[in-house]
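Residues in the sequence shown are numbered consecutively from 8, following our numbering. Glycine is no exception: its CB is placed at the ideal position from the N, C-alpha and C atoms. Since the structure is predicted, the reported quantities are computational estimates derived from the model, not experimental observations. Scroll down for the structure; my scribbles are underneath it.
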Amino acid sequence: MSEDLAQAGGDAARPSARADLYGGAFWIVLGGAIAVGSWNMDRLERMGVSFFTAPGLVPGILGLLLIVCGAVLSARALRDGALGTAQRAPVLLEAGTLRRAGLTLLLTLGFALALVGHGLPFPVAAAAYLFFQIVVLQYPERKAKNEVGRGLLVAALVAVGAAAVVSTLFQEVFLVRLP
């Protein structure tokens, strides 16, 4: 498979091994911080809460998984010569990629700061966020294919379905009260 990528020019589009090493280190540190924060959370033992429903369990597992993923990324980078002197030129991000990342950041901050916890039920806020996220990011492609109406319908269906599943999962399985 890697030979196919190299022949198709895919190898040139991959980040350098050194960039992967830095990325792996970042994920290890972030996962470690999340795992430590989860470990230090109140486990609510005095209230008779079992270990499996303790508030820090899921974030702790996610933190540990981030550490594992960061370690795998770092190991692959080291195998690919991240510490050597010969490195590919760094891959520059295209303007479209940066624009999409900026829009995602703005929409996510809007969701966290304006929608959640200000009177709007969580499922409604989540559905609105997901709808706008999908529409904003897919609009150029949908417009080029003359499928804007279909895109709005698909975004609405996905947003409502995902918001319902996430809300139900957190409230009924993880026993988390949502705002």
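For residue i, the nearest candidate out of the options (CA to CA)
{"i": "Ala24", "options": "Cys76, Phe33, Gly70, Leu80", "result": "Leu80"}
{"i": "Leu114", "options": "Leu137, Val131, Leu127", "result": "Leu137"}
{"i": "Ala78", "options": "Val36, Leu182, Phe181", "result": "Val36"}
{"i": "Ala134", "options": "Tyr146, Ala163, Asn153", "result": "Ala163"}
{"i": "Leu160", "options": "Val180, Phe139, Glu179", "result": "Phe139"}
{"i": "Val75", "options": "Gly31, Gly103, Thr104, Met48", "result": "Gly31"}
Anticipated Cβ contact below 8 Å, residue i with residue j, distance rounded
{"i": "Val189", "j": "Ile141", "result": "The question about residue 189 has no answer here: the residues shown for the chain are numbered 8 through 186."}
{"i": "Tyr50", "j": "Ala61", "result": "What sits at residue 50 in the sequence shown is Arg, not Tyr. With a Cβ gap of about 4 Å, Arg50 and Ala61 count as contacting."}
{"i": "Gly70", "j": "Gly38", "result": "5 Å"}
Nearest-angstrom Cα separation, counted from residue j out to residue i
{"i": "Ala89", "j": "Ala26", "result": "8 Å"}
{"i": "Ser57", "j": "Lys150", "result": "51 Å"}
{"i": "Val172", "j": "Phe33", "result": "31 Å"}
{"i": "Phe177", "j": "Leu85", "result": "39 Å"}
{"i": "Pro186", "j": "Asp87", "result": "46 Å"}
{"i": "Met8", "j": "Thr111", "result": "Here Met8 scores only 39 on pLDDT, less than 50, and its place in the model should not be relied on; the value that follows carries that caveat. C-alpha separation (whole angstroms): 32 Å."}
{"i": "Leu73", "j": "Arg83", "result": "15 Å"}
{"i": "Leu182", "j": "Met48", "result": "16 Å"}
{"i": "His125", "j": "Leu116", "result": "14 Å"}
{"i": "Gly103", "j": "Glu179", "result": "39 Å"}
{"i": "Gly55", "j": "Val43", "result": "23 Å"}
{"i": "Lys152", "j": "Gly158", "result": "10 Å"}
Residue i vs residue j beta-carbon contact at 8 Å
{"i": "Ser174", "j": "Phe118", "result": "no"}
{"i": "Arg107", "j": "Leu64", "result": "no"}
{"i": "Ser45", "j": "Pro66", "result": "yes"}
Contacts around residue i, its chain only, beta-carbon distance under 7 Å, and the 5 residues preceding and following it disregarded
{"i": "Gln14", "result": "In this prediction, Gln14 scores a pLDDT of 44, lower than 50, which makes its location untrustworthy; the coordinate-derived value is nonetheless stated afterwards. Same-chain partners within the cutoff: there are none."}
Neighbourhood of residue i by C-beta, 6 Å cutoff - its chain only, sequence neighbours within 5 removed
{"i": "Ala169", "result": "Leu137"}
{"i": "Ala132", "result": "Leu122, Val123"}
Other residues of its chain near residue i: CB distance less than 8 Å, five sequence neighbours each side excluded
{"i": "Val155", "result": "Tyr146, Arg149"}
{"i": "Glu101", "result": "none"}
{"i": "Ile41", "result": "Pro66, Gly67, Leu69, Gly70, Leu73"}
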